[in-house]
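Numbering (the numbering used here), first residue to last: 74 to 298.
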């Protein structure tokens, strides 16, 4: 058993949850079982456990999925759970993709630290994902054991990077030697996306003209909300 514990949490927007109130009269068959469960529920209000108190923020419970181009952020924490100081504690984090291994943690460039009883060493990691497929966050903790030897352990956290958009193109060749290109951009995520700009970067061998706007600069698709 190691002297320190490692906890990792992905930093995303918290979700909203509501209290689930299930109760009964103490004379019924379940007795006070349901009421005791409500007292232990973190979302219940003390001495008013049978009343729903609205919604609460729920921290991320898993790594989930991430879409290409997003910034992957996570919180890494090492906690001294013993009753004595732990020497030479350091954190190292790498992101393993299908093609490369990327160092992430800023703590790995700093000298090891001593953790007093119940003290923590933490780090916040940010990285823009640029590859699709399976990614593995590798976190390694090193410290000095009670036998004055370096001890270490690793934990692995797997998540998938998926495409947020699907682009389909159609090309029409006119008799006037003009080429018409139609691009269909589809949102394939589980939520809405705001597109700030969609443009075509044409080759210098072609003269490119956008057909999405009329002569007055208004969209040919009408008002888009």
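Even glycine gets a Cβ: it sits at the ideal position worked out from N, Cα and C.
Note that the structure is predicted; figures quoted are calculated from it, not measured.
Where residue 219 sits in the DSSP three-state scheme: coil
Stretch pair the region 238-247 + the region 208-227: three plus CB contacts closer than 8 Å: no
Distance between residue 164 and residue 261 (C-alpha atoms, nearest Å): 36 Å
Beta-ladder partner(s) of residue 141, from DSSP: Its beta-bridge partners do not exist; DSSP assigns none.
Residue 191 versus 154, 248 and 266, residue with shortest Cα-Cα distance: 154
Contact test: residue 130 Cβ vs the ligand ZN heavy atom, cutoff 7 Å: The ligand ZN is absent from the structure shown, which contains no ligand whatsoever.
Beta-bridge pairing of residue 206 - partner residues as DSSP gives them: 234
Cross-strand partners of residue 259 (DSSP beta bridge): 239
Alpha-carbon to alpha-carbon, residue 264 and residue 206: 20 Å
Which of helix, strand or coil DSSP assigns to residue 198: strand
Whether residue 188 touches residue 281 by CB criterion (8 Å): no
Endpoints, the beta strand (DSSP E) within which residue 79 is located: 77-83
Buried or exposed by the 16-neighbour rule on C-beta atoms within 10 Å, applied to residue 208: buried
CB contact flag (residue 195, residue 147, <8 Å): no
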